[in-house]
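Residue numbers (the working numbering): 326 to 590.
Beta carbons are placed, not taken as given, at the ideal position from N, Cα and C, and that holds for glycine.
Just so it is clear, the structure is predicted and the values come from calculations on it, not from any experiment.
The structure appears below as structure tokens.
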Ligand code: KIV
Ligand code: NA
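Have a look at this one:
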């Protein structure tokens with residue numbers, strides 16, 4: 326694929342090719358991720374935690390999401406760029422949801438939007454899709470509702486919640502979503518949902534029976550180090566690598582080792 330589209334992702338599922346997805350919030354990171362051939366870049370509202378240091382995803386604003394998304398879009402040649410609609414930008418009514426989605430598309434150049442929830446947001450999803458804006462769903466653990474859940478534990482372990490999740494997933498596919506994120510649900514349930522849909526299901530903490538995987542990039546490269554859920558595989562330990570580099574630089578400055586004769590004009 327020269328350029329990933331929403332269509333390519335549905336094709337990949339049909340062909341049995343797994344979809345790789347990572348978050349990014351800025352130009353430099355997005356450049357590396359896109360160059361590495363990751364299929365989908367998510368400008369997640371996890372920027373609220375990772376970039377801004379908030380405890381939840383609730384405080385980040387639509388303007389801030391647009392700033393992050395525009396920075397990412399400038400770096401990307403191949404990946405599909407999906408942008409989270411932040412908390413408060415789509416829950417009140419479908420017209421507001423569409424206005425927010427339009428702002429993201431116009432002002433950031435992103436390729437699609439992601440919204441959390443099922444039948445509660447059905448009308449908003451349909452309205453956005455009617456405007457020609459691709460929508461990715463997000464079910465299971467939906468961090469924008471953390472104050473309703475109370476905890477970040479695994480979702481849909483009980484039958485009632487699992488049944489609702491399956492119905493919501495089907496509804497989102499029928500409405501016209503091109504893909505669906507499932508966060509922190511039992512692998513068996515996630516596999517069942519993936520097998521029942523033709524659109525790809527991309528999991529985070531949802532096991533190996535889905536059509537693709539997504540991780541928060543700062544977690545997978547180990548820049549964060551206090552967040553250690555079971556589903557997280559760390560590919561680097563940048564927290565200690567960067568700490569070592571900064572300490573070395575500090576020491577080199579203090580000891581007058583840096584800059585050397587070759588490092589000056
Ligand atoms: O904001 C985010 O990073 C996400 C992913 C974890 C799916 O929504
Ligand atoms: Na998100």
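query                                                                                                    : result
Residue 468 CB to nearest heavy atom of the ligand NA below 8 Å                                          : yes
Minimum length 3: unbroken beta strand (DSSP E) runs contained in the region 451-491                     : 460-465
Under 9 Å between C-beta atoms of residue 552 and residue 544                                            : yes
Opposing strand residues paired with residue 529 [DSSP bridges]                                          : 508
Backbone secondary structure at residue 409 - three-state DSSP                                           : strand
Among 327, 427, 326, 531, nearest to residue 480 - alpha-carbon criterion                                : 531
Heavy atom of the ligand ZN within 8 Å of residue 371 beta-carbon                                        : Ligands displayed in this structure: the ligand KIV and the ligand NA; the ligand ZN is not among them.
Straight-line gap, residue 459 to residue 366 (C-alpha atoms, nearest Å)                                 : 15 Å
Close Cβ partners of residue 494 (< 7 Å) along its chain, the five nearest in sequence each way excluded : 464, 505, 518, 522
Identified DSSP bridge partners for residue 348                                                          : 367
Bridge-paired residues (DSSP) for residue 437                                                            : 407
Separation of residue 579 from residue 345, as counted between CA atoms                                  : 44 Å
Residue 578 - containing beta strand (DSSP E), residue span                                              : No beta strand (DSSP E) contains residue 578, which is instead part of the alpha helix (DSSP H) from 563-579.
Closer than 8 Å: residue 541 CB and nearest the ligand KIV heavy atom                                    : yes
Endpoints, the beta strand (DSSP E) within which residue 416 is located                                  : Per DSSP, residue 416 belongs to no beta strand (DSSP E) and is neither H nor E.
Residue 539 - partner residues in DSSP beta bridges                                                      : 346
Member of 485, 392, 477, 384 whose CA lies at the smallest distance from the CA of residue 349           : 392
Residue 546 (DSSP reduced to helix, strand or coil)                                                      : coil
Whether residue 375 touches residue 549 by CB criterion (9 Å)                                            : yes
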